[in-house]
Every structure is written in structure tokens, then in C-alpha cells.
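To start, the structure itself, in C-alpha cells.
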Amino acid sequence: MGSNGHRYYEEADLLRLQQILLMRELSLELREIQAVLSSQLDQVAVLREHHERLLAERDRLETPARTVGRTIAELEEGRGNGKMTKINKPENLFEGFQAPSAAEAELRER
Numbered sequence: 004m005g006s007n008g009h010r011y012y013e014e015a016d017l018l019r020l021q022q023i024l025l026m027r028e029l030s031l032e033l034r035e036i037q038a039v040l041s042s043q044l045d046q047v048a049v050l051r052e053h054h055e056r057l058l059a060e061r062d063r064l065e066t067p068a069r070t071v072g073r074t075i076a077e078l079e080e081g082r083g084n085g086k087m088t089k090i091n092k093p094e095n096l097f098e099g100f101q102a103p104s105a106a107e108a109e110l111r112e113r
């Protein structure tokens, strides 16, 4: 700690914090995070794996985000002309969303 009361961190500490935040963002459990931190794995290799997972998550969310954006545009277009909104293709409302599994559907029915 500095004489001004501020805490100073070394580069290694900052990289470790980034790695922890990335793993939390990827929904890793604390046990998994601890295992990664205590392992002697190549830091760049681990970061590459995290990066690949983040890109995959971004790609997974791209289609639902586009779907919701299209829905917003259609709803706003209906507002502007004073008519009741009509969705052009209702089946497009669900593009990019995973259909519920049979077990999830059964749980919802109950």
C-alpha cells in the first residue's frame, strides 16, 4: 500500500483479476475457477480458451438479438400509422430461441 493509502497492483495481479472476472462471466463455479488458478497451465492458452468461449456466446446471442430488434422495428412501424400492429411473419418472432425441451414443457404445464 502506498503512503497515500492507495493500493497498488502488479501486472500479474491485474491479469489474475481479469482471468477471474472472465471465468465468472462464463459462469464457471468457484471450484473450477480455483482449479484453473492453481494449475500451472499456460496463461495465454487459458486466455485463448476463454476468448473462444466468449466469441461463441456472442455468436449464440446474435440471432435472438436480431430477432428482438426486428420485432421492435415492426411494433414501432405499427405505432406510427395509428393502426393495430400486425406482425408480418409470426414464426420469425422465435428465430434464434431454443424450443423448450419436453421436460421443460411438462414443467410449465404443471
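For reference, each letter of the sequence shown is one residue, going 4 to 113 in this note's numbering.
The C-beta atom is built at its ideal place from N, Cα and C for all residues, glycine as well.
Assignment of Ser6 by DSSP, reduced to helix, strand and coil, places it in the coil class.
Restricted to the stretch 15 to 46, the alpha helix (DSSP H) segments that are unbroken, complete and at least 4 residues in length are 33 to 41, listed in chain order. Here the alpha carbon of Asn7 sits roughly 50 Å from the alpha carbon of Thr66.
With contacts defined by Cβ atoms closer than 9 Å, Gln22 and Leu33 do not form a contacting pair. Annotation for Gly5: Tyr11 place their beta carbon closer than 8 Å to its own, counting only its chain and skipping 5 residues before and after.
Contact between Leu17 and His53 does not hold, since the beta-carbon distance rounds to 15 Å and is not under 8 Å.
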